[in-house]
Amino acid sequence: MLDLAFFRSHEAEISCINGYYKFAKPFSLYGLLDPDELKLANEIKALFSQYAQLPQISGLEDIHLQIEERINIDSTSKPEVIVSFEQNNIYTGQKHLIALYNAIKAKKTLKIHFQDFSKSQKAYSISPYMLKEYHNRWHVYGYEHKKGKIYNLALDRILAIDEASIFKYREQKAGDLAFLNDIIGFTYLYDAETETYAALESVKIKVDLPRANYIRTKPLHHSQQELSKETNETHVVFTYQLRFNNELFAKLLEFGKDLEIVEPRHLRDKMIVHIQEMAKKYGI
Numbered sequence: 000m001l002d003l004a005f006f007r008s009h010e011a012e013i014s015c016i017n018g019y020y021k022f023a024k025p026f027s028l029y030g031l032l033d034p035d036e037l038k039l040a041n042e043i044k045a046l047f048s049q050y051a052q053l054p055q056i057s058g059l060e061d062i063h064l065q066i067e068e069r070i071n072i073d074s075t076s077k078p079e080v081i082v083s084f085e086q087n088n089i090y091t092g093q094k095h096l097i098a099l100y101n102a103i104k105a106k107k108t109l110k111i112h113f114q115d116f117s118k119s120q121k122a123y124s125i126s127p128y129m130l131k132e133y134h135n136r137w138h139v140y141g142y143e144h145k146k147g148k149i150y151n152l153a154l155d156r157i158l159a160i161d162e163a164s165i166f167k168y169r170e171q172k173a174g175d176l177a178f179l180n181d182i183i184g185f186t187y188l189y190d191a192e193t194e195t196y197a198a199l200e201s202v203k204i205k206v207d208l209p210r211a212n213y214i215r216t217k218p219l220h221h222s223q224q225e226l227s228k229e230t231n232e233t234h235v236v237f238t239y240q241l242r243f244n245n246e247l248f249a250k251l252l253e254f255g256k257d258l259e260i261v262e263p264r265h266l267r268d269k270m271i272v273h274i275q276e277m278a279k280k281y282g283i
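Heads up, the sequence shown is in numbering that gives the first Met the number 0, so the first residue is 0 and it goes up one at a time.
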């Protein structure tokens with residue numbers, strides 16, 4: 000009865016014959032959206048379009064048409080974009096997302112044909128576990144059966160993907176991807192000579208104000224701590240628990256002269272050498 004009252008409150012003509020209720024003439028709830036709701040629907044469509052290529056949205060490609068058809072949104076009008084996400088529409092690895100996503104869900108071992116930047120081609124037999132995006136570039140993490148360890152491969156350098164039936168899918172273990180909590184970016188550096196991975200260590204940086212406020216409000220890593228005893232009116236000192244990789248070094252470089260690496264010594268020395276080489280390029 001409440002439903003009937005709701006319909007009637009929206010001017011639906013409902014008749015009752017012998018205890019049966021029916022619409023006296025066609026009625027649709029889709030016609031009840033007011034201009035503000037129509038505008039919101041248009042904005043939702045605009046947001047959806049930015050993620051239309053992601054595998055999580057596979058199978059929902061017709062949503063745009065359904066929205067336009069059912070609530071009469073003019074498909075020729077261009078909605079005002081209020082929220083914009085960082086994206087790279089020409090990223091070449093995008094085409095592999097759905098295949099990798101489905102393989103992870105189905106727990107299938109894959110043979111991934113890969114070409115590095117030196118044009119060297121290799122084939123990896125991977126039990127894939129995770130897709131990770133960093134700075135608009137996707138990587139797939141998984142267990143490489145021939146090497147017997149966790150690998151990550153950049154999607155933009157994948158040539159082709161096949162099923163690798165000769166290897167049984169290896170289930171992910173609890174510690175396989177634990178290193179992701181200890182890094183910035185995607186690289187887990189491995190030293191072939193010592194057969195060891197980059198160690199977890201304390202990183203201390205000193206950042207000049209007001210630039211340090213950007214790091215305060217958007218931490219570089221979840222382990223970020225501010226050392227109040229070493230902070231003053233000119234700078235802020237932050238500490239992290241991290242494993243060194245190229246992305247960490249690149250992130251620190253972003254802050255230029257406003258940032259100084261205090262610890263560890265090897266990272267500070269690396270920055271010194273980098274600055275010296277940059278100075279040479281500029282004739283300093």
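We treat Cβ as the ideally placed atom computed from N, Cα and C, and that holds for glycine. Keep in mind that this is a model prediction, so the values were computed, not measured.
If you draw a straight line from the Cα of Tyr100 to the Cα of Lys94, it comes to about 11 Å. Counting along the chain, no alpha helix (DSSP H) covers Ala198, and no H or E run does either. Sixteen is the threshold: when 16 or more other Cβ atoms of the shown chains lie within 10 Å of the Cβ of Arg242, as they do, the residue is buried. Nearest to Ile157 by C-alpha distance, out of Glu262, Ala278 and Tyr123, is Tyr123. Between Tyr239 and His220, the C-beta gap is smaller than 8 Å, which places the two residues in contact.
Shown here for Gln171: same chain residues with a beta carbon closer than 6 Å to its own, the five before and five after excluded, namely Tyr128 in chain order. Between Ile204 and Val272, the gap from beta carbon to beta carbon reaches 8 Å or more. Remark: C-beta atoms of Ala153 and His138 approach each other more closely than 8 Å. Excluding five sequence positions before and after Glu259, the CB atoms of its chain that fall closer than 6 Å to its own CB belong to Lys205, given in chain order. Going by beta carbons, Asn244 and Leu199 fall outside the 8 Å limit.
In the structure shown, Arg169 adopts coil according to DSSP, grouped into three states. Non-local beta-carbon contacts of Lys24 in its own chain, meaning distances under 6 Å to residues more than five positions away in sequence, involve Glu12 in chain order. The stretch 216 to 230 makes no contact with the stretch 155 to 169, as fewer than three CB pairs between them are under 8 Å.
Runs of the alpha helix (DSSP H) lying entirely within the stretch 181 to 244, each at least 4 residues long, are 211 to 216 in chain order. When secondary structure is reduced to three states using DSSP, Gly147 falls in the coil class, being assigned neither helix nor strand.
In this structure, the beta-carbon distance from Lys148 to Tyr140 does not fall below 8 Å. In the structure shown, Glu259 falls within a strand segment according to DSSP collapsed to helix, strand and coil.
Closest by C-alpha distance to Leu251, out of Ile183, Leu3 and Leu176, is Ile183.
For Ala159, the enclosing beta strand (DSSP E) has its first and last residue at Ile157 to Glu162. One Cα belongs to Ser14, the other to Phe22, and the distance between them is close to 6 Å. Just measuring C-alpha positions, the residue of Ala98, Pro218, Lys217 and Asn212 sitting nearest Thr233 is Asn212. By the Cβ-count criterion, Asn41 is buried, with 16 or more other Cβ atoms from all chains shown falling within 10 Å of its own Cβ. In the three-state DSSP reduction, Gly282 falls in the coil class, being neither helix nor strand. In the structure shown, the three-state DSSP call for Phe248 is helix. Of the residues assessed, Asp181 falls on the buried side of the cut-off, its CB having 16 or more other CB atoms within 10 angstroms. In chain order, Ser126, Ala163, Phe166 and Tyr168 place their CB closer than 6 Å to the CB of Thr108, counting only its own chain and leaving out the 5 sequence neighbours on each side. For the 8 Å CB-CB criterion, Phe254 and Arg210 form a contact. For the 8 Å CB-CB criterion, Arg136 and Asp115 do not form a contact. Per DSSP, the beta bridge partners of Gly141 are Pro127 and Tyr150. Burial check for Ala102: the Cβ neighbour count within 10 Å reaches 16 or more, so the residue is buried.
Between Leu3 and Tyr20, the CB-CB gap stays under 8 Å.
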